Amino acid sequence: PSHEIVEAVASGAADLGIAATWAGLSHLEQKPFFIDRLVVIAARNWSGLAGLRTTSLTDVLGESFVGLSTGHALQEHITRQAARLGGHLHFRIRVPGLDNVCRLVAQGAGIAIVPESAARRSARSLRSLRLTDDWATRQLNLCARRFDELTPQAKLLAAALA
Numbered sequence: 002p003s004h005e006i007v008e009a010v011a012s013g014a015a016d017l018g019i020a021a022t023w024a025g026l027s028h029l030e031q032k033p034f035f036i037d038r039l040v041v042i043a044a045r046n047w048s049g050l051a052g053l054r055t056t057s058l059t060d061v062l063g064e065s066f067v068g069l070s071t072g073h074a075l076q077e078h079i080t081r082q083a084a085r086l087g088g089h090l091h092f093r094i095r096v097p098g099l100d101n102v103c104r105l106v107a108q109g110a111g112i113a114i115v116p117e118s119a120a121r122r123s124a125r126s127l128r129s130l131r132l133t134d135d136w137a138t139r140q141l142n143l144c145a146r147r148f149d150e151l152t153p154q155a156k157l158l159a160a161a162l163a
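Residue numbers 2 to 163, in this note's numbering, belong to the letters of the sequence shown in order.
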C-alpha cells in the first residue's frame, strides 16, 4: 500500500518508492510516474450498465462486486470511498490479483473497479466504463528522500523509471 511505501522510503528502508499522492508524500522528493485511472468493468452482456460509457461509484453501489482480497490497498481505497458516500460494496466474491478479478467479471460473476490498464488487457471479454468520481484518477509518483543523494544504482533505476 502507498502509505507503507512512503514509510519505507522516509525511514530509509527503501531508496525509492512508487506511491499515490494521497499517501502523504510532502516530506519526500517526488517525480510524476503514472496516472492511474480507475474504471468499472462488466461482462459484455451485463444488463445493469447497458448503454452507459461513464458512471459514478454512487450509481453502481447496488451492483454485486468481484473484489480483490481483503487488505489489498486498491480495494481498501475503493471501499473507503463507498463508505464516504454512505454506502458499501456487496462482494459476491473476493480473489487475489487483478487478472482473477477480470476473468470472473468476464464470466458474469459481478462488476469490479480496476485500473484502466488491467481492463485494457481483458478488453475483448469486458465492457469498461470510466468512473467520473474525482478520486478515480490517481497520480502515482516516484519518491525518494533526496534524489541527489541516491546510490549510483538507485539513480540508474530512478532514471529508468522516470
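All residues carry an ideal CB built from backbone N, CA and C; glycine is no exception. Every value quoted in this text rests on a predicted model; they were computed, and no experiment measured them.
Cβ-Cβ distance between residue i and residue j below 7 Å
i, j, result
"Leu130", "Thr55", "yes"
"Ala120", "Val67", "no"
"Arg45", "Arg122", "no"
"Ile42", "Val115", "yes"
"Gln31", "Leu58", "no"
"Ala161", "Leu17", "no"
Cross-strand partners of residue i (DSSP beta bridge)
i, result
"Thr56", "Leu132"
"Asn142", "Ala20 and Pro33"
Per-residue burial, residue i [other beta carbons within 10 Å of its own, 16 or more giving buried]
i, result
"Ile36", "exposed"
"Gly111", "buried"
"Thr152", "exposed"
"Ala24", "buried"
Which listed residue (the options) has its alpha carbon closest to that of residue i
i, options, result
"Leu62", "Ala14, Phe34, Pro33 and Arg93", "Arg93"
"Ala107", "Ser118, Ser126 and Glu8", "Ser126"
"Ser48", "Ser65, Phe34, Pro33 and Arg38", "Ser65"
"Ala163", "Asn101, Thr152 and Leu141", "Leu141"
"Leu99", "Phe148, Ala113, Ala15 and Ala21", "Ala113"
"Thr133", "Ala21, Ser12, Leu53 and Val7", "Leu53"
Simplified DSSP assignment, three categories, for residue i
i, result
"Asp16", "coil"
"Ala119", "helix"
"Leu50", "helix"
"Ala44", "strand"
"Ala113", "strand"
"Leu69", "strand"
"Leu86", "coil"
"Leu151", "coil"
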